[in-house]
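Residue numbers (the working numbering), protein chains in the order written: chain A, 245 to 415; chain B, 63 to 167; chain C, 297 to 847.
This report concerns only the one structure given below.
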Amino acid sequence: MPLVKHGRIATDIFVHVPDGAELPGDGAVVVSAARFLEDPEALLKRSGKLGVTWPNNRDVDDLVPYLERLAVIALVFPTFRDGRAYSQARLLRERHGYDGELRATGQVLRDQFVFMLRAGFDAFEVKKESDADAFAETVKRYSVFYQPTGDGRVTALNRRMQLRHSESAGP
Amino acid sequence: MTSPLEQKKIKITGPSVVTANRTWDGAVIYRTAQQSWSAELSDAAIIRTSDEARALLAESVADDVGAIGAYIAPVEVKDGGKIKPGNLREHIRSQGLTIDLSVPA
Amino acid sequence: MYAYDELDRTLINERVSEFRDQVKRRLSGELTEDEFKMLRLQNGVYLQLHAYMFRVAIPYGTLSSKQLRALAHVARRYDRGYGHFTTRQNIQFNWIKLAELPDALADLAEVGIHAMQTSGNNTRNVTSDQWAGVAPGEIEDPRIWSEILRQYTTLHPEFSFLPRKFKFAITASEHDRAAIKIHDIGLRLLKNADGETGFEVLVGGGLGRTPFIGKTIKPFVHGRDILSYVEAILRVYNQYGRRDNIYKARIKILVHELGIEKFAKEVEEEWQQLRASALTLDDSVIEEIRSRFTYPAYEKLPHMPDELKQAAHDPLFERWRKNSVFPHKVQGYSIVTLSLKPVGGPPGDATADQMDAIANLADRYSFGEIRVGHEQNLALPHVAKRDLPVLWKALDKIGVATPNVNLVTDIIACPGLDYCSLANARSIPIAQELTRRFSNHDTAGLIGRLHINISGCINACGHHHVGHIGILGVEKNGEEFYQITIGGRADENAQMGTLIGPAVPYAEVADVIEDIVEAYLALRDRPEELFVDTVKRLGVEPFRERVYATR
């Protein structure tokens, strides 16, 4: 399953370690929320970057105390039709100021890339190789956005206001 | 006429066919005995047991490109082998609307 | 009418390109149906019994004549020459081919029409009052806010995969023609003590298997806060709405299970964090949207023109005028309802020829504007009274001047088993038979306002729960049966109807309705007492007795 970062397929330095399995010495790992919360300090003390997979049916509040020390938060789309992770992503980015890697996992398909980017995801475990290849092209699909999110894109309303101002500013 | 979309178990109560809609244009189609689809009910393969139904349905569902929403529908088989739709829903799918659409003068 | 600018058009075109690519990948097999289905639903494409059905958005029920002609073109070029107007102010085409849909969408995009989010588990058409902007006594044109909401909810990245569909409706009049109480979010526009615009916000209304009347979650939300407040509601719903059972996934279930106080508290907590955000609408932004709504250059016209005085001698014209013509906020003008319920016809349908003719009449007599009502009729919202006689003749010629608006033959019906794969029973032939039984317009006039709503299944697209008489198709042993309810209302006094007794078979439905109407005529305390008020006064029992005495 290819990882896409910065618009292209990238090497994933993180290893998803299943519950119960030993953690590698100092490599970058992603563990489950349950494992993390058992002993967060111990995991965070490890040398090697730490990521947590957070289930989509759980408030992100319990993760908030650790945001600054996590390298990756992986959110889950059990099916692409289950949109809870979009809310979680926006809350992490916009409410809690998380600026580490925010990774989309689960059934991650081409036709949701734009939504995911706008919600704050910046890494994608893409289900299909062909979708991963098409990532850069796909995100160019839309140039107009009606509503503000934390992605910084100027909304249509604001662009109109800007146009108006520059018109009235005159030569 | 309970929507067959709600079929959970495969239960055959009489002669049945597998029917679906053609992906590219939505037309009603019936699964034949030759691993293909036909728009004519008369070409449909008749299944009479749950095992036959399961097999034909599985084969139909596997053709995800060509057909969508395959399910098992009842039919009546008349003397002489003519196949007729087995309920009002299938009658409508096979014959079309039951209403007169002409714009009143 | 809202004028789409380059940004709005660009978005629509980008959407068409995306869908074209998605259809291509579907037909090549790159996308499975499981992956594609939600994508096509989000472009209004259903699979029905015989074919795909294509639901096109008519935002808050407003169309230009150019747009109506484009709909006629789609009906001719890609369908079978007709379309069906729905209970959510949209239009549906029933015979569309998936492979041709991107072209149909491209043709519609040229006139600013799209099908974004007319289905799918996302927010749907923001509906309003078909008399918005012209109704006397309206506080403010609710379409401005419908447009603000339409833009905000279109391709919202956080809310495109909700637990289930989500419907908004807005009213700005005392009499609620938008049925806000049976919507997921209903907004009642009002002014506070300082004359500032805001909304009473209701949540959790809806019909279907578990009907609920919406509950007030906040009595006044300032206009500037409406988007942040709606975002709070949607976010709570997105996170906590049930996803384990599609019959329990609407927000009405969440509101019911939490209780309105707890739900309101959750929303308030979220909203307090969102209040000061970029979603706050400042006045210049609201004005910007308002300025893109153009209103006609009304003439100064007399209250009673000569043309009208003369035409009053024609009893057929008078009957139509008294039935289908409604007061306008500007003197000398009228709102004209075009009945799409001809005797013997399928309710809410219009042919491509009719659409073209109506578009031409709109150009001549209504400043190029048409409205779609949730009762599945059309309206011409800006007709000078002096033009009524000549307009009537033209409307009559194309078959949209049946003088039955709001009467017993002005039936609201879903497509039912003739079209719809969800249906248990047919609805259109029931409606057609009823129009034949009550085809005498004078009799229908004597009966008075009586709304019959027919749904072919419990999904209630015909809004049968809130019909004065509601008819629900069910299946019993492979046969079509119908449950009858009476006393429902969809307006500001919204309530569900009451079942009168066991379901009756297809062949008896029209007889039963005749019995109910006869009972009403015998029981009403005066001619002006509406059917629904007689039911309120006397209850269901006298009607039940009459209907089931011999059954």
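Yeah, the Cβ is synthetic: ideal placement off N, Cα and C, and Gly gets one too.
In this text the structure is predicted, and so the values were computed from the model without any measurement.
Which of the three DSSP states is assigned to F365 of chain A in this structure? coil
When you check each C-beta in the segment 380-399 of chain A against every C-beta of chain C, which residues fall closer than 7 Å? R385, Y386, S387, V388, Y390, Q391, P392 and T393
Report, in whole angstroms, the separation of the C-beta atoms of P268 of chain A and V259 of chain A, which I expect to be a contact under 8 Å. 7 Å
Does the pairing of the segment 451-467 of chain C with the segment 377-393 of chain A give three or more beta-carbon distances under 8 Å? yes
Report yes if the CB atom of T383 of chain C is closer than 9 Å to the CB atom of C710 of chain C, and no otherwise. Less than 9 Å divides the Cβ of T383 of chain C from the Cβ of C710 of chain C.
Can you give me the C-alpha to C-alpha distance between Y342 of chain C and L554 of chain C, rounded to a whole angstrom? Y342 of chain C and L554 of chain C have their C-alpha atoms spaced approximately 33 Å apart.
With a threshold of 9 Å between beta-carbons, can R539 of chain C be considered close to chain A, or not? For R539 of chain C, the answer is yes, since a Cβ of chain A falls inside 9 Å of its Cβ.
Boundaries of the beta strand (DSSP E) in which N83 of chain B is found, first to last residue: Per DSSP, N83 of chain B belongs to the beta strand (DSSP E) from S78 to R84.
Does chain B have any CB closer than 9 Å to the CB of W616 of chain C? no
At 3 residues or longer, what runs of the beta strand (DSSP E) sit wholly inside the segment 283-368 of chain A? 294-298, 316-321 and 345-350
Is the CB-CB distance between M349 of chain C and Y594 of chain C below 9 Å? no
Note the first and the last residue of the continuous beta strand (DSSP E) segment covering I529 of chain C. Where I529 of chain C is concerned, there is no enclosing beta strand (DSSP E), although the alpha helix (DSSP H) it sits in stretches over I522 to Y536.
Is the number of C-beta pairs between the segment 530-542 of chain C and the segment 578-592 of chain C that are closer than 8 Å three or more? no
If you draw a straight line from the alpha carbon of R840 of chain C to that of A818 of chain C, how long is it in whole angstroms? 14 Å
Under 9 Å between C-beta atoms of T739 of chain C and P638 of chain C: no
Write down every uninterrupted run of the beta strand (DSSP E) in the segment 489-513 of chain C whose length is 3 residues or greater and which is fully enclosed by it, in chain order. Here the runs fully enclosed are 493-499.
So, does the CB of D87 of chain B fall closer than 9 Å to a CB anywhere in chain C? yes
Using a beta-carbon distance below 9 Å, is K832 of chain C in contact with chain D? You won't find chain D in this structure, because its protein chains are A, B and C.
Beta-carbon proximity list for L826 of chain C, same chain, < 7 Å, skipping 5 on both sides: G744 and R745
Contact check, A780 of chain C vs G797 of chain C, beta carbons under 9 Å: Here residue 780 of chain C is Ile; the residue named in the question, Ala, does not match the sequence. Against a cut-off of 9 Å, the Cβ pair of G797 of chain C and I780 of chain C comes out as a contact.
With a cut-off of 9 Å, does the C-beta of G327 of chain A fall near any C-beta of chain C? yes
Take L294 of chain A and list the residues in its own chain whose beta-carbon comes closer than 7 Å to its own, dropping the five residues that flank it on each side. V273, L287, L288, L314 and A315
Using C-beta distances below 8 Å, list every residue in its chain close to A188 of chain B, excluding the 5 sequence neighbours before and after it, in chain order. The question about residue 188 of chain B has no answer here: the residues shown for chain B are numbered 63 through 167.
Using a cut-off of 7 Å between C-beta atoms, extract the partners of R722 of chain C located in chain B. T160
When you compare only the Cα positions, how much space is there between D425 of chain C and E665 of chain C? 15 Å
Hey, N656 of chain C and S361 of chain C: beta-carbon distance below 9 Å or not? yes
Between the Cα of P592 of chain C and those of C:K320, C:Y629 and C:H609, spot the shortest distance and give me the residue it belongs to. C:Y629
Mind listing the chain C neighbours of S374 of chain A? Cutoff is C-beta to C-beta under 8 Å, in chain order. E326
At a CB-CB cut-off below 9 Å, which residues of chain A make contact with Y342 of chain C? Chain A residues near Y342 of chain C: none, gap ~16 Å exceeds 9 Å.
Just to make sure I have the definition right: I need the residues of chain C whose C-beta is within less than 7 Å of the C-beta of D355 of chain A. Which are they? Q318 and L335
Contact list for D126 of chain B against chain C, beta-carbon separation under 9 Å: For the C-beta of D126 of chain B, the chain C residues within less than 9 Å are, from N- to C-terminus, G325, T328, E329 and D330.
At what residues does the alpha helix (DSSP H) containing S98 of chain B begin and finish? Per DSSP, S98 of chain B belongs to no alpha helix (DSSP H) and is neither H nor E.
Run of the beta strand (DSSP E) containing K146 of chain B, from where it starts to where it stops: I145 to P147
Thinking L550 of chain C and F559 of chain C are a contact (beta carbons under 8 Å), I'd like their distance in whole angstroms, please. 7 Å
Could you check the C-alpha separation between V701 of chain C and V137 of chain B for me, to the nearest Å? 43 Å
Cα-Cα, which of B:T160, B:G142, B:D125 and B:V80 is closest to I109 of chain B? The option with the nearest alpha carbon to I109 of chain B is B:V80.
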